[in-house]
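A.B. asks: Residue numbers (my numbering): 21 to 339. For each residue, glycine too, the CB sits at the ideal point set by N, CA and C. Bear in mind that the values here come from a model prediction, so they are computed numbers and not experimental data.
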Amino acid sequence: MSETAHYVHTPVLLEETLHYLAPRSENALMIDATLGEGGHSYAFLSRFPSLYIIGVDADPGIQEVARKRLAEFGERIHFYSGWSHSFFAEYPSEIKRPDSILIDLGISLFHYEKSGRGFSFRKSEALDMRLDPSFGPSAADLVMQLSERELADLIYQNGEERYSRRIAHAIVEARAKSRIETADMLASIIEGAVPVSYRYGAIHPATRTFQALRIAVNGELSRLESLLDAALHVLENGGRLGVITFHSLEDRIVKNFFREKNKDCTCPPEAPICTCKGQRTVTLITKKPVAPSLEEIKANPPSRSAKLRVVEKVLEENL
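Rendered as structure tokens:
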């Protein structure tokens with residue numbers, strides 16, 4: 021087994037995704053909007069021999085892994101290098117609309133184990149965390165440049181970390197002495213900032229802070245609603261959009277977005293008559309989020325927090 025193959029990411033909720041996003045016609049087109057290492061795409065191309073996929077990813081390193089993994093499918097798989105929201109915004113009107121779209125918001129094992137960009141608090145790697153290494157400020161930039169209050173707010177809002185102010189204070193004190201350049205250096209500062217009892221909980225004390233920084237660096241929450249809106253706009257009528265989330269912040273955005281798109285009327289409850297002329301644009305296929313089975317969680321522990329939500333587009337949006 022090659023070094024790369026050793027770190028192939030196990031796609032979560034795979035059978036459930038194959039079921040809900042199964043093509044309903046020959047030569048259907050699917051967009052894997054978060055291709056990663058290509059785990060979901062590999063399964064779809066293997067299961068459905070006439071399916072075509074466009075795989076989108078902003079990380080050139082991980083896309084190279086996917087290209088090699090999916091090479092056996094030839095012209096049935098095409099690649100787009102860039103952010104998903106840019107892909108949908110630039111989607112050519114003259115080509116076929118996708119019959120299904122998958123958005124998996126999880127971070128690949130590749131990023132934790134092989135990217136060298138400081139996603140894992142257990143490694144002595146540059147504190148970067150950018151999915152696209154050529155775009156925007158790094159995690160180290162934020163850690164070194166934000167004020168103590170800005171850091172505390174970021175860690176609390178993006179990580180729901182109860183000790184955000186303690187951690188922010190410890191970071192500011194530490195950076196006054198030396199630059200915080202590596203992931204394990206930051207993790208050590210965080211461990212020293214929280215109560216002893218918190219250091220030995222169910223998750224590592226740095227988990228939520230690292231999540232918060234990664235979200236901020238990559239605009240994961242700020243871009244999510246516009247990504248969903250753009251994807252739905254491109255989707256063929258009758259097509260399905262599936263989204264896999266991994267924490268409550270992103271799941272709340274997806275849930276509320278789908279709920280609003282499922283409404284015929286968005287007028288305030290106190291309005292005597294409907295004036296919005298709204299039309300429902302999706303049907304909720306999964307009334308409640310689909311969670312992994314106990315068997316999957318046992319085989320793949322990172323899947324434990326995953327949730328799959330699926331909608332079907334029923335009307336063309338008036339955009």
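1. Going by beta carbon distance, what residues of the same chain come within less than 8 angstroms of Leu38, once the five residues before and after it are set aside?
2. Which class does Asp77 belong to by DSSP, given the choice of helix, strand or coil?
3. Against chain C, does Glu95 count as a neighbour if the rule is that its beta carbon must be under 8 angstroms from one of theirs?
4. Please state the DSSP three-state secondary structure of Arg260.
5. Could you give the distance in angstroms between the alpha-carbon of Ala25 and the alpha-carbon of Gly56?
6. What is the rounded straight-line gap between the Cα of Ser167 and the Cα of Glu110?
7. Looking only at its own chain, which residues have a Cβ that is under 8 angstroms from the Cβ of His60, when we skip the five neighbours before and after it?
8. Count the other C-beta atoms from every protein chain shown that fall within 10 angstroms of the C-beta of Thr286, then say buried if there are 16 or more, exposed otherwise.
9. How many whole angstroms separate the CB atoms of Ala207 and Ala226, which I take to be in contact at a CB cut-off of 8 angstroms?
10. Beta carbon of Val237, beta carbon of Arg150: below 8 angstroms?
11. Does the Cβ-Cβ distance between Phe278 and Val302 come in under 8 angstroms?
12. Do Asp204 and Ser158 have their C-beta atoms within less than 8 angstroms of each other?
13. Between Pro312, Arg199 and Gly259, which lies nearest to Pro43 when the distance is taken from Cα to Cα?
14. Which residue from Gly179, Pro69 and Val254 puts its Cα closest to that of Asn47?
15. Check the DSSP bridge columns for Lys333 and list the partner residues they point to.
16. Taking 7 angstroms as the cut-off, is the beta-carbon of Tyr40 closer than that to any non-hydrogen atom of the ligand FMN?
17. Quick check on the DSSP output: the alpha helix (DSSP H) that includes Met149 runs from which residue to which?
18. Give the C-beta separation of Glu270 and Glu240 to the nearest angstrom, bearing in mind that I take them to be a contact with Cβ-Cβ under 8 angstroms.
19. Beta-carbon within less than 6 angstroms of Arg243's beta-carbon, same chain only, minus the 5 sequence neighbours each way: which residues are those?
20. Would you kindly work out how many angstroms separate the C-alpha atoms of Arg142 and Pro112, rounded to a whole number?
21. Find the nearest neighbour of Ile223 within the set Gly262, Ser120 and Pro321, judged by alpha-carbon distance.
22. Among Tyr132, Ala160 and Glu245, whose alpha-carbon lies nearest the alpha-carbon of Arg199?
23. Kindly list the residues whose CB is nearer than 6 angstroms to the CB of Ile235, restricted to its own chain and excluding five residues on each side of it in sequence; keep chain order.
24. For Glu245, I'd like the list of residues in its chain whose CB is within less than 7 angstroms of its CB, leaving aside the five on either flank, ordered along the chain.
25. What residues are listed by DSSP as bridge partners for Phe99?
26. For my contact list, Leu41 and Ser128 are in at a C-beta cut-off of 8 angstroms; report their separation, rounded to the angstrom.
27. Bridge partners for Gly120 per DSSP, in chain order?
28. Excluding the five sequence neighbours on either side, which residues of its own chain have a C-beta within less than 7 angstroms of the C-beta of Leu255, listed in chain order?
C.D. replies: By the coordinates alone:
1. Result list for Leu38: Ala63, Phe64 and Arg67, in chain order.
2. Three-state DSSP puts Asp77 in a strand.
3. The displayed structure is made up of one protein chain only, and chain C is not part of it.
4. Strand at Arg260.
5. In this prediction, Ala25 scores a pLDDT of 42, lower than 50, which makes its location untrustworthy; no coordinate-derived value is stated.
6. Whole-angstrom Cα-Cα distance: 37 angstroms.
7. For His60, same chain residues with a beta-carbon under 8 angstroms away, outside a window of 5 residues either side, are Pro31, Leu34, Thr37, Asp52, Leu122 and Asp124 in chain order.
8. Exposed.
9. About 4 angstroms separates the two Cβ atoms, so the contact holds.
10. A contact, by the Cβ cut-off of 8 angstroms.
11. Contact annotation: Phe278 and Val302 have beta-carbon atoms nearer than 8 angstroms.
12. Taking 8 angstroms as the Cβ cut-off, Asp204 and Ser158 do not qualify as a contacting pair.
13. Nearest option by C-alpha distance: Gly259.
14. Shortest Cα-Cα distance from Asn47 to any of Gly179, Pro69 and Val254 involves Pro69.
15. According to DSSP, which records beta bridges pairwise, Lys333 is partnered with Val302.
16. Here there are no bound small molecules, and the ligand FMN is not part of this structure.
17. Looking at the DSSP string, Met149 is not in any alpha helix (DSSP H), and its letter there is neither H nor E.
18. Contact between Glu270 and Glu240 holds, since their C-beta atoms are separated by about 7 angstroms, short of 8 angstroms.
19. His105.
20. Pairing Arg142 with Pro112, the inter-Cα distance amounts to about 43 angstroms.
21. Proximity to Ile223 across Gly262, Ser120 and Pro321 peaks at Pro321, based on C-alpha coordinates.
22. Minimum Cα distance to Arg199 is reached at Ala160.
23. Same-chain partners within the cutoff: Asn178 and Leu241.
24. Apart from the 5 residues on each side of it in sequence, Glu245 sits with its Cβ closer than 7 angstroms to the Cβ of Ile273 and Phe277 in its chain, given in chain order.
25. DSSP, once it has assigned bridges, lists Gly75 as partnering Phe99.
26. Contact between Leu41 and Ser128 is ruled out by a C-beta separation of about 19 angstroms, above the 8 angstroms threshold.
27. With the sequence shown as reference, residue 120 is identified as Ser, and Gly is not the correct amino acid for it. Paired residue(s): Met50 and Arg260.
28. Counting only Cβ-Cβ distances below 7 angstroms, and skipping sequence neighbours, we find Arg117, Pro118, Ile121, Leu261 and Lys333.
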